[in-house]
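The sequence shown finishes on residue 406 if you use this note's numbering, and the numbering steps up by one all the way, no holes. Where a beta carbon is used, it is the ideal one built from N, C-alpha and C, also for glycine. Values in this document were obtained by computation on a predicted structure and should not be read as measured data. Here is the structure we will look at, set down as structure tokens.
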Amino acid sequence: MQKHNLIVMWTANFFVAASATMVLPFLAVYIETFGAYSDAYVQRWAGFIFGITFLVAFIAAPLWGRFGDRFGRKKILLITGYGIAVSIFLMSFVNSVWELFFLRAFMGLVTGFIPTSMALISAQTNKEEAGKVLGTLQMGTVSGSLFGPLLGGILADSVGFTYTFVLTAIGITLATTAVAFGIHEIRSKSGPQEKASAATVYKTIFTNRMLLFVMLLSFAVQAANFSIQPQLALFVDQLVSVENAAFLAGAAFSMTGLGNLIATRFWGIQGDRYGHEWIVLICMALCALFLIPQAFSGSLTVLLLLRFLFGLALGGVIPCVTAYIRRAVPLDMQGEVLGYNQSFRFLGNVAGPAAGGVAAGLFGLASVFILSGAVLAAGAALYALVIMKEKKGARNHAVNEG
5 MQKHNLIVMW
15 TANFFVAASA
25 TMVLPFLAVY
35 IETFGAYSDA
45 YVQRWAGFIF
55 GITFLVAFIA
65 APLWGRFGDR
75 FGRKKILLIT
85 GYGIAVSIFL
95 MSFVNSVWEL
105 FFLRAFMGLV
115 TGFIPTSMAL
125 ISAQTNKEEA
135 GKVLGTLQMG
145 TVSGSLFGPL
155 LGGILADSVG
165 FTYTFVLTAI
175 GITLATTAVA
185 FGIHEIRSKS
195 GPQEKASAAT
205 VYKTIFTNRM
215 LLFVMLLSFA
225 VQAANFSIQP
235 QLALFVDQLV
245 SVENAAFLAG
255 AAFSMTGLGN
265 LIATRFWGIQ
275 GDRYGHEWIV
285 LICMALCALF
295 LIPQAFSGSL
305 TVLLLLRFLF
315 GLALGGVIPC
325 VTAYIRRAVP
335 LDMQGEVLGY
345 NQSFRFLGNV
355 AGPAAGGVAA
365 GLFGLASVFI
375 LSGAVLAAGA
385 ALYALVIMKE
395 KKGARNHAVN
405 EG
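Structure, rendered in structure tokens:
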């Protein structure tokens, strides 16, 4: 049953994650079809329309987690899955930037599918193999994010914008329907479960130093990963003198996703074996190690190699953070805490490009890699201190108990 649930959720997460990024290749071009706008206007609105989804999702994700903990996670999966499908379907009929903006905002409102799926699978997984299972599930999300822009670009070129949105909505509808009939959630039959109060959830997060820190690391890693994205084409253009710099920039960004995809299950297994907190620390340090040298890439080949190695290290952070939450947080509030963790990631999606743009404007494109890597290195160092204090406290407690 667990394996069957994992396969269904992996497929559903692939389509949902792909839907969030598939508009990237043609978003600006799609806006241009609404009227005769200046380049600055199109670029500004492309940023607003892409970012609003993650900004709204930052607020909504913990609420979906809370509802899932109380009323059942499968119900939330169906509401959010069909909600995403409806929002994407309606995008095919918009005629103005405001209509597209509001639909992307609505899409963010119902973007609770992925953290809820993680909570559902986590609750039905033994703690001893949580890293491996959640790492496998994370592969579906990463694969969708990696191939979403590629699929969106191919569909837009082949069938046009309207049918791209329609076909994507159909794909998500089918995936959500598979969840409706293919996922079995084990729950108490006594009605809505007793739910920890919001104050209890906040206390759990803010009084558990390790838990709060790993959630902050989720934000830092996501922000660092996305900080260079808007400027990557310009950086690649400095390395090569070709007309297809945008394509090569996409390849550079995809190399990170490819490394992430390859490594995420491996890191999850290592977390189960040696402790998820240690694997998060190792991956954070490696992320910094492979990110900073990208600023000094003398060729596209070197940049692609470093982006791939960065992706390999990045692949261990999210599944091991999720598995740590699975072990550290009571079952009745896991969905909400995972929702807050997802919120930190969504906030990183918004803050990273904004901070990267400011840094690039003030200090140059190479500074984005250096500053982001320095933040990750500092985060790893502080996290090492937190781990050592936690381990020391646990040893002292064991001695006192003995």
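P334 sits in coil when the DSSP states are folded into three classes, being neither helix nor strand. Distances from the CA of D276 to each of L67, K395 and E133 were compared; the closest alpha carbon is that of E133.
V244 sits in coil when the DSSP states are folded into three classes, being neither helix nor strand. Annotation for L335: A127 place their beta carbon closer than 8 Å to its own, counting only its chain and skipping 5 residues before and after. Distances from the alpha-carbon of G343 to those of A359, I63 and K7 put I63 closest.
For T172, the enclosing alpha helix (DSSP H) has its first and last residue at A134 to G186. The beta carbons of V60 and L113 sit about 5 Å from each other, so the pair counts as a contact at 8 Å.
With respect to G360, V379 sits apart: the two C-beta atoms are not nearer than 8 Å. In the three-state reduction of the DSSP assignment, Y278 falls in the helix class.
A distance of 8 Å or more separates the beta carbons of F71 and M219. Collapsing the DSSP output to three states places M26 in coil. The C-beta distance from T208 to V325 rounds to 16 Å, too long to fall under 8 Å, and the pair is not in contact.
DSSP places A289 in the helix class (H, G or I) of the three-state scheme. Between the alpha carbons of A203 and S149 lies a distance of about 34 Å. Going by beta carbons, L290 and A317 fall inside the 8 Å limit. Approximately 11 Å separates the beta-carbon atoms of A370 and L307; this is outside 8 Å, ruling out the contact. Restricting attention to G339, F217 and T84, the CA atom closest to the CA of L386 is found in F217. When DSSP states are grouped into helix, strand and coil, Q128 belongs to the coil group. Non-local C-beta neighbours of N212 in its own chain, meaning closer than 8 Å and more than five positions away in sequence, comprise A332, ordered along the chain. Counting along the chain, no alpha helix (DSSP H) covers F38, and no H or E run does either. Judged by DSSP in its simplified three-state form, G343 adopts helix. The shortest C-alpha to C-alpha distance from T260 to any of W271, I273 and Q233 is the one to Q233.
Setting aside the 5 residues that flank it on each side, G320 is surrounded in the same chain by W271, I283 and C287, each with a C-beta closer than 6 Å to its C-beta; the list follows chain order. If you draw a straight line from the Cα of L159 to the Cα of F93, it is about 15 Å long.
In the assembly as shown, T166 is an exposed residue. Its beta-carbon has fewer than 16 other beta-carbons within 10 Å.
Around the beta carbon of Y86, 16 or more other beta carbons lie within 10 angstroms, which makes this residue buried. Counting C-beta pairs with one atom in each stretch, the stretch 170-187 and the stretch 290-304 have fewer than three that are closer than 8 Å, which means they do not touch.
When the beta-carbon positions are compared, N229 and G356 come within less than 8 Å of each other. In chain order, M214 place their CB closer than 6 Å to the CB of E394, counting only its own chain and leaving out the 5 sequence neighbours on each side. With a 10 Å radius around the Cβ and a threshold of 16 neighbouring Cβ atoms, L310 comes out buried. In the three-state reduction of the DSSP assignment, F312 falls in the helix class.
Judged by DSSP in its simplified three-state form, I232 adopts coil rather than helix or strand.
Within 10 angstroms of the beta-carbon of Q242 lie fewer than 16 other beta-carbons, which makes it exposed. By the 16-neighbour rule on beta-carbons within 10 angstroms, N99 is exposed.
Contact between G339 and A123 is confirmed by a C-beta separation of about 4 Å, below the 8 Å threshold. In this chain, the alpha helix (DSSP H) harbouring A89 covers R77 to M95.
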